[in-house]
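The sequence shown begins at 147 in the working numbering and counts up one residue at a time.
Using N, Cα and C, we set each Cβ at its ideal position, and we do this for glycine too.
Keep in mind the model is a prediction, meaning the values are calculated, not measured.
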Amino acid sequence: DLQDTIQARKQPLYNADDVLLYLPAPANIAKSITSSGKQIEVIIMGPRLSNGQVYDILLIGLMEFGESDGVTQRILAIPANASFQTIKSPSLKQLQFNYPGVIEILSTWFVNAYSDRRSEYLGVKDEKEAINLFLQ
């Protein structure tokens, strides 16, 4: 019914962190600290992981997004523990071959996920670039 549709549209689209409420993240999003002390988002592809836990991860790529305040980088990773792995690709090249479309899905979600910024997807770099970012 039209009234229900109008009522549904009045619901907020974003949570307190300005992340989409109507379409949850397609992966786990965590914060990590690089060796230089910089905080960076890490996209951990796999089953839902518990908040507050520490997980070992394998870095497989680095996504970059252009935003009004510069370039935002996000690490692509999978859990190191094989029992948590639904994606079994230890490199960006294997990820793109074994799971076509995953980069496009993630980039589309992140471009549209935050209400407080305009964002555009710039590209993805391989696991060497992701590791280098942590070592900087």
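- Rounded to whole angstroms, the separation of the alpha carbons of residue 216 and residue 250 is 21 Å.
- With fewer than 16 other Cβ atoms from the protein chains shown falling within 10 Å of its own Cβ, residue 264 counts as exposed.
- With contacts defined as CB atoms closer than 8 Å, residue 225 and residue 183 fail to qualify as a contacting pair.
- Contact annotation: residue 238 and residue 248 have beta-carbon atoms that are not nearer than 8 Å.
- Taking the CA atoms as reference points, residue 260 sits about 32 Å from residue 228.
- With contacts defined by Cβ atoms closer than 8 Å, residue 199 and residue 279 do not form a contacting pair.
- The DSSP-derived three-state label of residue 259 is coil.
- Taking a contact as a CB-CB distance under 8 Å, the pair residue 235 and residue 206 counts as one, their CB atoms being some 7 Å apart.
- In the structure shown, the three-state DSSP call for residue 181 is coil.
- Shown here for residue 202: same chain residues with a beta carbon closer than 6 Å to its own, the five before and five after excluded, namely 226 in chain order.
- DSSP, reduced to helix, strand and coil, places residue 200 outside both helices and strands of the structure shown, so it counts as coil.
- Residue range 273-281 is occupied by the alpha helix (DSSP H) that includes residue 276.
- Around the CB of residue 253, 16 or more other CB atoms lie within 10 Å, so the residue is classed as buried.
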